[in-house]
Amino acid sequence: MIKIPQQAKALIFDLDGTIANTMPNHFISWRKAVSPYGIDFNATLFMELTGMPRTATIEKLNEMFGTKMNPDKVGRVKEDHFKTLVNSTEEIVVVTDIIRKYHTILPMSIGTGSTKSGAKKTLEVINMQNYFEIVITADDILKHKPHPETFLKCAELMGVKPQNCVVFEDGILGMNAAEEAGMMVIDVNNYFKVEFLV
Numbered sequence: 062m063i064k065i066p067q068q069a070k071a072l073i074f075d076l077d078g079t080i081a082n083t084m085p086n087h088f089i090s091w092r093k094a095v096s097p098y099g100i101d102f103n104a105t106l107f108m109e110l111t112g113m114p115r116t117a118t119i120e121k122l123n124e125m126f127g128t129k130m131n132p133d134k135v136g137r138v139k140e141d142h143f144k145t146l147v148n149s150t151e152e153i154v155v156v157t158d159i160i161r162k163y164h165t166i167l168p169m170s171i172g173t174g175s176t177k178s179g180a181k182k183t184l185e186v187i188n189m190q191n192y193f194e195i196v197i198t199a200d201d202i203l204k205h206k207p208h209p210e211t212f213l214k215c216a217e218l219m220g221v222k223p224q225n226c227v228v229f230e231d232g233i234l235g236m237n238a239a240e241e242a243g244m245m246v247i248d249v250n251n252y253f254k255v256e257f258l259v
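The sequence shown begins at 62 in our numbering and counts up by one.
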């Protein structure tokens, strides 16, 4: 089991790729949405952008590849395809074991780049919706990861100082955000490997 630092007074979890194994489905959905624009959306690129809200991801891809994708249109294609796959989502047991163990011991929250409705659906599919009263999504903030706002808001709502929070993350942007917030970080990639099917 993942070891929690002794000084931890609260736990913050990313959702996609940390609690729920949604990353392969997000990857497939992004490929489907952007490949008509000639973008080679590979696993490395995907992991670099993980944690960004949809619109920001499309804007970043436009910047990187010189494309002029419409964020609303392409985002809708991505999301519609993802919805067809969401019910096959499974929990990441090495992390959900921690959630179940510490549920009544330490305050816990979720800080995700997903939308409020997307996060709600994912938590319901993996039957984790009753473990978190505080779920901060892209709909609740102005600045997405790697900015620390998501995690700082979690800490504030839990009433815990940032330096006493441990963040569980799989994405580079999220880990950067947690470090920027002055929080301890556990990289779940050290405990769980995602496989991307092309």
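Glycine is no exception: its CB is placed at the ideal position from the N, C-alpha and C atoms. Note that the structure is predicted; figures quoted are calculated from it, not measured.
Boundaries (first-last residue) of the alpha helix (DSSP H) holding residue i
i           : result
residue 178 : 177-186
residue 235 : 233-241
residue 254 : Premise fails: residue 254 is in no alpha helix (DSSP H) and is neither H nor E.
residue 203 : Residue 203 -> no alpha helix (DSSP H), and no H or E assigned at all.
residue 138 : 132-146
residue 296 : A query on residue 296 cannot be resolved here, the shown segment of the chain reaching from 62 to 259 and no further.
residue 219 : 210-219
Residues sharing a beta bridge with residue i, DSSP
i           : result
residue 172 : 197
residue 228 : 73 and 246
residue 81  : 77 and 152
Environment of residue i [buried if 16+ CB atoms lie within 10 Å]
i           : result
residue 133 : exposed
residue 86  : buried
residue 139 : buried
residue 141 : exposed
residue 206 : buried
DSSP-derived helix/strand/coil call for residue i
i           : result
residue 124 : helix
residue 152 : strand
residue 107 : helix
residue 166 : coil
residue 98  : helix
residue 89  : helix
Inter-stretch contact (C-beta, 8 Å, three-pair minimum) for the region 151-167 and the region 77-88: yes
Per the contact definition of three or more C-beta pairs closer than 8 Å, is the region 246-254 in contact with the region 119-126? no
Are three or more beta carbon pairs between the region 94-110 and the region 127-139 nearer than 8 Å? yes
Does the count of Cβ pairs from the region 227-234 and the region 63-73 closer than 8 Å reach three? yes
So, does the region 142-150 touch the region 158-174, judging by three or more C-beta pairs under 8 Å? no
The region 110-117 in contact with the region 191-205 per 3-pair CB rule at 8 Å: yes
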